[in-house]
Every structure is written in C-alpha cells, then in structure tokens.
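These notes are about the structure you will find just below.
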Amino acid sequence: MEAQLQALVKQREGVRNKLSRVCASLRDSDGQPNANVKNVRFLQLQEKALANMYNECNEIQSKLYELSLSEEEDEKQNNLYIEFEKVFNEVSLELSMCFDAVPKREATLPVAPSTLHDFSPYLPPLNVPLPTFDGSYEKWYSFKSMFTSVMNRYKHEEPALKLFHLRNSLVGKAAGIIDEVLVNNNDYEAAWKFLAQRYEDKRVVVEKHIDNLFGLTKFSRENGSNLRKAIDTCNKNVDALKHHSLLVEGLGEQMLVKLVTGKMDKKLQVAWETKQKKNVFSSYAALVEFLEEQCRISEMVDIGFLAQRYEDKRVVGEQHIDNLFGLTKFSRENGSNLRKAIDTCNKNVDALKHHSLLVEGLGEQMLVKLVTGKMDKKLQVAWETKQKKNVFSSYAALVEFLEEQCRISEMVDIGVKSSTESVKPRTVTKTLVVSDSNQQAKCTVCSEVHELRNCERFKSKSVSERLDIVKRSGACFNCLSNGHRIRTCRSGSCRRCGKKHHSLLHEDRHVPDSVAPTTLAEIPNLPAEPPTTLCTKEMYPERQTVLSTAVVLVDGLHNTPYPCRAILDSASQMNFVTERFANLLSLRMEPTDVTANSLNGNKTRLSRKLHTKIRSRAGDIVAEMEFLVTPRITGELPSKSFDISQWPISSVHVLADPTFNRKGPVDMLIGAESFWDLMQDGRCELGSNRLVLQNTKLGWIAGGVIRSDTTIIARTLCNTTDDEPLTELLRNFYKVESCDEFRPLPKADDEVCLKHFQRTHKRTEEGRYVVRHPFNERKRELGDSREMALRRFLALERKLDKQPDLKEQYSQFIRDKSRILPKKRNPKEKALTTPRAELLAALLLARMVVKFLDATELRFESVHLWSDSKIVLCWLKKPPELLQTYVSNRVSEIQQLSLSFHWHYISTYDNPADLISRGVTPKKLIKSAMWWNPRPLQPTVKKADNTEIPDNELPEMRAGVALATTVPVERFPIFEKLGSFTKMIRSMAYLVRLARFIKSRKGEVIKGQLTATELRTATHVIIRMVQREAFQEEILALMDDSNTNRRLNGLKAFLDPDDGIIRVGGRIKRAIIPYDSRHQMLLPAKHPVTEALVRELHINNLHIGQRSLLAIVRQRYWPLNVKSTIRKSMLQHFWRRWTAEYLPELQNRSKWLKRKVIKVGSLVLLADQNTPTLHWPLARIVAAHPGDDGVTRVVTVRTANGAEFKRAVTEVCLLPLDEFDN
C-alpha cells in the first residue's frame, strides 16, 4: 500500500507541475510582455488543459480515498488536495481575465471618414460590387486586376476601409487568411503584399491551368452542354497560359490536341480524323473550330475510321505522345520502374525532336506536369523542394533530377543483383531474394512456367490436398513461393480470417444446412460485430452488402462548402443530418416536432431542422433540401473495408464517393424526396460477386453484395415520420390534480410501498413521521461500500471546516434543496416547488369558499382570505400575462373566483392551519392556544399586507417583465456625484452586496475584495437603471412586442430575456464574436453615466483619437449620438491639458539662462478662464510697476477699445514677438 500511495502522490505532483506551467504561461507585465495572453487559440488550449488537470487530480484523489490510510496521513492528503484547488481557482480566474482582456473583433472594423455627413461604419461609401477570390491560384490575376481597378477609383478611402473590403472579398479557402495582427493595425498595404507573395507564383498558376486541361471530362456530340463546357474550359485556360507567354505551338500544341481529342467519344474522334491531312500536324485552332462546328450539328453522320499509314508523321507523333501519356506510376523505392520511366521519356522525346517538335514553351510545361504526375508522393516532395518561386520548371532539370534519384536508388538497394549476374535460387532468411530473370520456376503440380498460386489444377483441389502439395514442395504457407519460410514472409495474410496463411489454404467451417439459424443470445462467445444500420442479424457467411454513399458539398455559413459523406436511401421519407455536421455548418436551425419511426416501432423525437443546398463535387447545384437534425444516422459504412485495386473501374466513371470501399462515418441521409431526381441513365456491372455502378447527378454510386469474410447485418434503412398524437400531448399538459379529481387506483409497487410505511413508520413528539428507507432483495449487491463512503463524508467535513465560505454555500444549497415539496409522484415528472404548492393551496381555498358561499343562504359584508406565502400574494397582485404559463393559469382562476375577496398575509408562526399540515398529536392540539384562541388578525393585516417583492426577485416571472413601469424614474444620486465610471461600478457593487446581506436577514456575509462577478452584476444594474430612466416608453413597447419610436427602429433593439437590458439587434447577430460585441447595451445621450464611460475609456486607452475611441466604446455599448459626447469629452480634456501644460510655458523664454524682461509696449494675451483659449483678448503694456526688489509683478495694459487697467503678470501671456524681431 505504501508503494501505491507514493505512486499516486507522484502523479498528483505531476499534475501540480502542469498547473504551475500553465500559470507561468499566463504571466504578462510591462517589463516582460507576453503576446500569447492576447491569442484566443492559445487561451482556449490552456482552458482545455486546465479541465484535463482538474479531472486527473479528482481521479487521483478518489484512488487515495480507497486506500486505508491513517488519520494523520489522510488529513495530510486532504490538505494537499485543498491547496491544489486553491491554486487551480486562482489560475482559472487569471485565465478568465485574460479572455476578457483579449481585443474584440469590433475594434478592427473600419471607421468612416471624419466628415459627419457620410459617417457610416457599417455602410461605407464604397457601394460598387467587388470581385471575390476563393483561393484558386488560377483566379488570382483576374481578381487582382478587378479589385485594384476599383480601389484606384476610391483613393480617398482610408486603409481600414480598404482592408475591410479586401477581407470581405476573400471567400472559400482564402477566407480568414489575412493575419489578425495586420487587421488590428489596419495595415492594408501589408495585407495586399502578403496576398501577392502567397498567390503570385507563376509556376503554380500555370500548373493549375494545365491541371484544368488534364481534368477535362469525356464529351460527345450527343451531349451539346458537355461539349460546350469542354470548349469553354479549353479556351479559358489556353488564353490564361498565353497571358504567361506560354504560346500554343510546337510540342505543346500537339500535346494539347492529343489531350483534347482523347476526351472525345469514338464518333467525334472519327469525325476529327476525317478532317486531318497526311504528314500535316494538327493545329489547336483547327481543333477548336471543329468543336465549335460540332456544337451546331444536330444530326450525326456515321463516318468510318480513316486509314492510318505508318509513314504519316502526324500518326507517328501521336504514337510517341501516347507512349508519354501511358507512363506508369514510379517511385524511388523501385529502381527498375524509375529507370524504365526515364528511358521511355528520353526515347519518345528524342523521336519527337526528330520531327521538329521541340520541348519548349507550353509543351515543356505540359510534359513536366505529365511526368511529375506519375511520381509517388515522396518523389513529388523531393522535386518541389528544388523548384523556385516564379520560375518555370524545365524538362532537362526534371530528367537530371530523375537520373540522380535512380542512381541513389541503385546504390541503396544492395540486395538487388545486376540483371547480368547469374544467381541460383537458394533458401535464405533474408527480406528479399532475387533470382535470375532468365530462370523461371516451374509449377510443382503441372510443370508449367508459372507460380503455384496461379495454377488452375492446384486451385481445383481440396484444401487438404493443397496443404499436402505445399508441404512436399517446401513452399511458404503464406505466399506459396519458394526461397523463404513463413516467419520471414512479408506478404499479406489470409483475406478471410486474417491469419498467417494463404487464402487458398483457408478451410471454411460452414454451418450445416440442417441447423436452424440461431439468435445472438444462443451463440456463446460471439465476436463483436461492427456497427451497422439496424439492430437485427442474419447469418450469411462470406457476403457483405454495401449501401450506396456519395460525397457532396453542403453550403454552410456564408455559402462555405463543406464535404459530407451521405447515404442515398429511397426508403426514407425525410432527409437527415447529424448534430455534429449541423454544428459545423453554423446555420440557423429552426424548431420542429417530428417523430421518426423505424423497425419494431422504435421512435426518435426530433426537434430541430435546417435548410441548405447540396452540390456535387464538381460544384453544380443539385438541390435545396430540408434536413432533420438527429444525434446519429447509422454506424460506419461499409461494415468492413475491402480492396478494389483489381476492379475494372474506368476513369470515365467519376465516383460520387471515391472511398466507398473504406469504412467511415456517415453524416447525412438523402431520402426519397430527392433520391429519384438524382438518378440518371447508366449502369455498369463490375463482374461476378462485385458491386454495380449506377450513374447519378452526384457521380457514379456503388452498391450491391460482394464476397466478404464479415458476417453481414440487416441491409435496409427505413425511416418514416408522422405527427405525435395530440391526445398524448394534451394528456400531459395538466399533471397537478384538481381538488375534485379522483386519484387512480394504486399499483403493485404502491401497495408494497404502503405496507412498508405501515410496518416501519413512527411518530415523534413533535408530530412528525419517520419511516425507514425501503430496500429490495438486491441490497446485498451493493457490497462493502460503507467504509469508503464514510471516509469521503469525513473528508468533506474537514474540507468544509477549513473553508467557512464554502461551508455556508454548501449549507445554503442543502437548505434550498430541502424546500422542494416532497411528494410521491412519477419520477419522470418535475418536483413541485414550495411556492407552486402554496399557490395550489390558495386555489383550493378560493374554490372551497366559492362553493360554500353558493351553498349557504347567509350573506357576508366582506370576505377575507389569508396565506402565509408572500410570493403567492405578490402573484395575485400581478396581471396573469406577466407570469409563466403554469402560475399564470392558476392565478387567473384565483382572481376570477376571488374578485370581491380580500387577500392578506399571515406569518407561518401565527397560522393555525400549519399545525395540521406539519402534523400534531391530538393531545397537543387540545392544549394549543393558537388553534383555539388565535390572535386577532386585523392589526397583522395592516402591518404585513404592504410587503412587496421586487419583480427581478419574484420567481415564475416572464423574461423582461421586471422593467415594466409607467411612473417616472428618478436619477440615482451617485450618477451625478461620481464622475468616474469605475467608482460608479464599485459603489454599486457594494450596494448590491449590502442589499443581499439585508435581504438574507444577515445570513449571507461576503467579505474581501469585489469579485469579477460582482462587478459585472453592478455594471448590469447601472445599465438597467439608466435605461429605466431614459427609455421608459421603449421598454413598454418592447414588452408588448409593438414598434418603438423612430430613434430605436434602425437599431433593431430588443429586450434581453436574461438580464432585462435593451440591446442592439443589428446585422451581425451571427458573427463569431462575443455576445456583448454582437448586441451592445443601449445608453442614452447626454447622461452622466454615458459621459463618464466615454471619458474613462478615453483616458484608459492613452488619449486615442475620435474614431478609435468610437470603435472601443462600441465593443460593448451603443450610446446614442455618441460622436457629440466623444467630441465634448476630448475638447474638455484638451482644454485642461492646454491650460495646465502649455499655458505656463508662455511665462518663460525658451532659454533658461536669460530672465524675461517685461518692457513697456510689449504685446500680451489676457488670460481669462471663462473664455475659450482662442478668444483671449490682446492688449499692450503701457506701464510697468516693479517692486522694491526690482522685479515687475504688476503691469498696466490697454486693450483695443482703449480701456486701461492693472493686471498681475501671472494673468498675462507675453507674446514672443520681440525675439522674432531680433
């Protein structure tokens, strides 16, 4: 146990060290600035790391609780855990403050010019349509040309606005590529330079255009649209290549002609060949002209193939180009294939040069692209590392590179012998054994020259006979080759069972036909099945059903395409998408209520849906669909991956899901609504025991049954939707029984519970009932857990004793929990709270009084009813529409029943009815003075009926109703007395703390410094008070869902249901920014709080300019007419700085070695604090009055109107005109 304790302590110490490192990474100071604390992604990583640390420490502490430790050691470990919690809380608080300090995105929004008439931060004066750029290299130059042309016409726009337009023009892959630092600095030039460096690579752009040419799809004369698309693709990319000085001539022209004609169908190729001449090379212009002509032809003419002659150099040239296009894939690991590729290139290129088809221009670039496309990934990476930006690749450099790679491969591959050597085959324990290519092994069964695994006679024998042949021949049991043993064989394993033997030696063990199919429960030790579509299983060995899937592009937020793997299901009435993918799209989801039914009546309740468009991978819009959002559609499909490398899938068949054979998740289901619209003519069978390809608008989909070694599970997916019966919904609407409702008959479990109560209950002296907890016969399965539970309880007690604040919060939680009314009811129903129970009691009282009054002939002057719940009495005074539905319905009934009654409050200590509800013995009831001689209630009525509960503290109120008021609200005094916004917040925080202390009857004591939560709450209180003072009519209008006056209509203002604050709706409600930045809090103009806020932000941000200050203010607040407030604040601050910093400088000369001499006739300014600086009057000194020390302190001045009077020299500013004259 000691070793286990030390190991756990060491693990916890490791977690503590991680926590210390996170704490160190968050430190930031002026001396050692830390840029990471302003990086949101860095802070998110730290937040995730903190959560993991807390979970690790809790797991370690749980393991420590399980150990039998001494009391001293147990207390020591608990103290260490408490210390860890304190440090963790400090680091979490520091991280939260770092998040709050991160600059908001609104700070980077462009600011309009300084003129007032065209200021519009969200509607800039530039209103022409701008081009967009999606990150495609081939589209960069056209985007650059159009964007710069537009921006050159708007030279008056500031860099911030230009950067704003530039960011909006970047979509798709290019969205968000501009660094946040450039955005924060409003550095438009640097952002444009960054884009130019990124995308102005001529070599990459040229490769993209050549890729587009190589990516041409098959076209025919029967399909005019495809033919037109092919012509447009060729013209667009060829013109772009000409722009880069890559002309269509020579070898490039012939390769381009060969490439395009290779995409024609047979009839078009025949028609093209009829127009060609012997010994004359085809031209690209003639090809385009031919294709344009074919687009206009409506009928086909069956033209036979032209006879080709070997002496036709055009045909010979095409043959050599065919050889280049027929290059196979090669890599550095296979030196022979690499050498073969080099020889093929050299031979055919030399032959083309002989026909005056030189490797230059476009032909050279297309040839380089063709050869590099045959490399494996490692070779392509090695080739790219040798290329330079903006420099075209050369064919000579490519051949030199391949020769070098071939030389390296031949030197490294020591185990490969030269083909000229003669090596006898021998059995050695090496990884690779190569024999003479001239000596081919003969089959031991039929003596023919082929491998044993390819022998048809060997395959026709039984498994046991094959095993005997392999044993006699000494071949490897895994690959059936000679020269090595099974332990050194590098070949794969059996495709059926995965074991180390050849598939031809696998022995099947089928279930006899006479044995009936068994269920899963009857099969012992059944291996785990892969996740499947449905939950039933059929025993079909060696078969696997593949459902049709397609990869589609789904439009997300801002039409951003996201690839999604979808299953096509004609048996589903609706379309579905998983929650994971729906969250990725970031689209608005609408509420719905649909039940999806599957086999055996299984139902799934779906409550959200979304609308979006799906496109094929080629980018064409297919359909706009509605999808139901579900947690999960199906398991991974197919149930097991399989190999299709040997399947005859043509390049013509563009697959809708290129990875249909690989097991993977499915995030979308396309149902029968669009299934048949996606189908097209075309079907291709790939052979026996293989799938079938079906043509669709999304591409070719694969489906069917194949041979497999996996037991396949039910193969259909049926989903239906219907509306849940309304009767079932209405049945649960009212669950609380009325006073005249009959209770249902007790069930068997209720009878057992009632017998247990009768057998074990007892009554205390206070009249309360005590009953034992019921246990069933399985209580012994709990084990000996009491000791561990006791240790945990004692540890919790010690922890709470050391932290009084936490203990008080824990006790308050227990007290609040005990207020829930205990009632025997369905566990799926919510517990009935005490205020609701008191409301039901009031309803019962009102009904009983009304029935009594109807039944009696007595007439009463007035009727008075009492309740000991202040909350219920406050509810009865409210209009029902201000309360939540449950309370509103019952309050409305009580108000109708007791329209002429008087409701009063009675303390629970004076309420005789509580004696019965709490329980009292008859003996005590007889002696109870409260029951027999209750105190007079009239004085109590006058004293307690005026008690009111504020709306923001009253439960069951509808959101925002706490602000409903029609009386004028006086301004809070501290708003006028305090000039600092921070002081206002802190003062309000202390007032809120005091109010809570008083409200809790001195039970909630909070000491120490103000927390971030208290400051945030105080800020919201101030904002609410200011809004209640300035926007009373608007608040009432928003509560009634009516239009506000015109000063708020443009802001789309709304009343926040969470905090009761009026916020700005605006046009950026879907932006991925903090909530306060999307919906700023509204403030009035010319209010002390607004002016204090603007003044403090101006000072805290180092006296920034007007537009920058406006951006900072609107990160969280939206003051009306804020520009005037900002100008007023900055003017006042300028005046104070001018009088305090510059004015005293006018008293002295610029050089301190000379004393200023006041001369008669000097021109001065007369300082006047009641007059603006630029309006100070001019005067001239007419007399000086020196003192006994010879220093002049008073002068006589004359103004422009001739008035003369004396002034102290401290109140005049001597103008330095004499210095300038000298």
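This note's numbering puts the first residue of the sequence shown at 29, with every later residue one more than the last.
C-beta: ideal position from N, C-alpha, C; glycine also.
Contacting residues, own chain, Cβ-Cβ under 7 Å from residue i (five flanking each side not counted)
| i | result |
| --- | --- |
| Ala202 | Phe161, Asp162, Gly163 |
| Ser490 | none |
| Lys725 | Ser644, Val650, Leu706, Gln708 |
Own chain partners of residue i with C-beta closer than 6 Å, once the 5 adjacent residues on each side are dropped
| i | result |
| --- | --- |
| Asp1104 | Arg1144 |
| Asn254 | Phe247 |
| Ile740 | Any reading at Ile740 must be qualified, since the residue scores a pLDDT of 41, below 50, and its modelled position is unreliable; the value itself is stated next. Answer for Ile740: Tyr568, Arg571, Gln572, Thr573, listed in chain order. |
| Pro940 | Met958, Trp959, Pro962 |
| Ala1211 | Thr1224 |
Limits of the unbroken beta strand (DSSP E) element including residue i
| i | result |
| --- | --- |
| Ser895 | 892-895 |
| His1109 | First, the amino acid is wrong: residue 1109 is Met here, not His. Segment 1109-1111, the beta strand (DSSP E) holding Met1109. |
| Glu1232 | 1232-1236 |
| Phe604 | 603-606 |
| His930 | 930-933 |
| Gln674 | Run containing Gln674: none; DSSP gives neither H nor E here. |
| Ile165 | Note that residue 165 is Tyr in the sequence shown, not Ile. It is not in any beta strand (DSSP E) - Tyr165 carries neither H nor E in the DSSP assignment. |
Residues of its chain near residue i, where Cβ-Cβ distance is below 8 Å and the 5 sequence neighbours each way are ignored
| i | result |
| --- | --- |
| Val308 | Arg342 |
| Ile1140 | Ala135, Leu1125, Asn1129, Ile1132 |
| Leu581 | Pro589, Tyr590, Pro591, Cys592, Ile642, Arg643, Ser644, Arg645, Gly647 |
| Lys46 | Ala77, Met81 |
| Leu366 | Phe358, Ser359, Arg360, Leu430, Gln433, Cys434, Ser437 |
| Ser1157 | Glu1119, Val1122, Arg1123, His1126 |
| Ser669 | Asn689, Arg690, Lys691 |
| Ala258 | Leu244, Thr245, Phe247, Val288, Lys291, Leu319 |
Per-residue DSSP class, three states only, for residue i
| i | result |
| --- | --- |
| Asp102 | helix |
| Pro1085 | coil |
| Pro1001 | helix |
| Glu889 | coil |
| His1126 | helix |
| Thr7 | The chain is shown only over 29 to 1250; residue 7 falls outside these bounds and no answer can be derived. |
| Val65 | helix |
| Glu815 | helix |
| Gln322 | helix |
| Lys631 | strand |
| Cys126 | helix |
| Phe655 | strand |
| Glu857 | Low per-residue confidence applies at Glu857: pLDDT is 47, beneath 50, and the placement is therefore not dependable enough to give any value. |
Where the alpha helix (DSSP H) through residue i begins and ends
| i | result |
| --- | --- |
| Glu866 | 862-883 |
| Tyr169 | 168-180 |
| Ser364 | 363-382 |
| Gln708 | Counting along the chain, Gln708 falls outside any alpha helix (DSSP H), though it belongs to the beta strand (DSSP E) covering 707-713. |
| Thr1010 | 1009-1027 |
| Gln39 | 30-53 |
| Ile497 | 491-501 |
Buried or exposed (CB count within 10 angstroms, at least 16 for buried), residue i
| i | result |
| --- | --- |
| Ile595 | buried |
| Glu984 | buried |
| Arg1095 | exposed |
| Pro950 | exposed |
| Glu185 | buried |
| Val1188 | exposed |
| Glu654 | exposed |
| Arg1165 | exposed |
| Ile1026 | exposed |
| Leu824 | exposed |
| Glu30 | exposed |
Chain D within 8 Å of residue i, Cβ atoms only
| i | result |
| --- | --- |
| Tyr933 | No chain D appears in this structure, which consists of one protein chain only. |
Hey, which unbroken runs of the beta strand (DSSP E) at 3 residues or more fall wholly within the stretch 1148-1219?
1191-1194, 1206-1214
Enumerated in chain order, which unbroken segments of the alpha helix (DSSP H) with a length of 4 residues or greater are wholly contained in the stretch 235-282?
252-271
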